Amino acid sequence: GMVMQLPEGDRYSMSYKYMISRLAIMMGGRVAEEFKFGKENITSGASSDIEQATKLARAMVTRWGFSDKLGHVAYGDNQEEVFLGHSVARTQNISEETAQIIDAEVRRLIDDAYSTAKAILTKKKKEWIALAQGLLEYETLTGEEIKQL
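Residues in the sequence shown are numbered from 155 upward in steps of one, following this note's numbering.
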């Protein structure tokens, strides 16, 4: 399944706490699938959530300075020279060591979010099972309908 959140108006900035909670929400679908079907039966259904979580975590680390290991520095993206739709040259504006730290920090944020989602869904098992059954019955639920479950 996919978790879709409605926009909360125009956000010009987000707090660290808000971004961390968003990461946990994005990992929730994968965790619920693991709980329901077992680790060996997880599907690719959460791929969009994982992709979005990875993008957010990478921006937290490389653009917004939310990494103690990297400090308050913005790291640019790798730049590619494109010719006829194919990458012909790649310019990396960070060292290999820094790239590895960035990857490790992104992984840490995602792993922490996964653990948070696991803890919440373990504690709230009755609620998410009721929600899943409601979605099976109605396919789509609004926030108000979820509260009524």
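The C-beta atom is built at its ideal place from N, Cα and C for all residues, glycine as well.
Values in this document were obtained by computation on a predicted structure and should not be read as measured data.
Going by DSSP in three states, residue i sits in which element: helix, strand or coil?
| i | result |
| --- | --- |
| LYS280 | helix |
| ARG217 | coil |
| LYS223 | coil |
| ALA271 | helix |
| MET181 | helix |
| GLY192 | coil |
| MET168 | coil |
| TYR292 | helix |
| LYS209 | helix |
| GLY199 | coil |
| GLY297 | helix |
| ILE174 | helix |
| ALA258 | helix |
Near residue i, which residues of its chain fall below 7 Å by C-beta distance, leaving aside the five closest residues on each side in sequence?
| i | result |
| --- | --- |
| LEU160 | At LEU160, the pLDDT of 48 sits below 50, so the modelled position is not reliable and the matter cannot be decided from this model. |
| TYR170 | PHE220 |
| LEU289 | LEU295 |
| ARG176 | LEU210 |
Less than 6 Å between C-beta atoms, sequence neighbours within five positions excluded: which residues of the same chain meet that for residue i?
| i | result |
| --- | --- |
| VAL260 | ALA211, ARG212 and VAL215 |
| GLN302 | none |
Is the beta carbon of residue j closer than 8 Å to that of residue i?
| i | j | result |
| --- | --- | --- |
| ILE255 | LYS280 | no |
| ALA267 | MET168 | no |
| THR208 | ILE264 | yes |
| GLY225 | ASN247 | no |
| ARG217 | ALA200 | no |
Who are the near neighbours of residue i in its chain, counting only those whose CB is closer than 8 Å to its CB and skipping five residues on each side?
| i | result |
| --- | --- |
| ALA286 | ALA186 and LYS190 |
Using only alpha-carbon positions, find the residue among the options that is nearest to residue i.
| i | options | result |
| --- | --- | --- |
| ASP203 | ARG217, TRP218 and GLY183 | GLY183 |
| GLN206 | LYS277, TYR292, LYS193 and MET173 | MET173 |
On the three-pair Cβ rule with 8 Å, is the region 183 to 200 touching the region 260 to 279? yes
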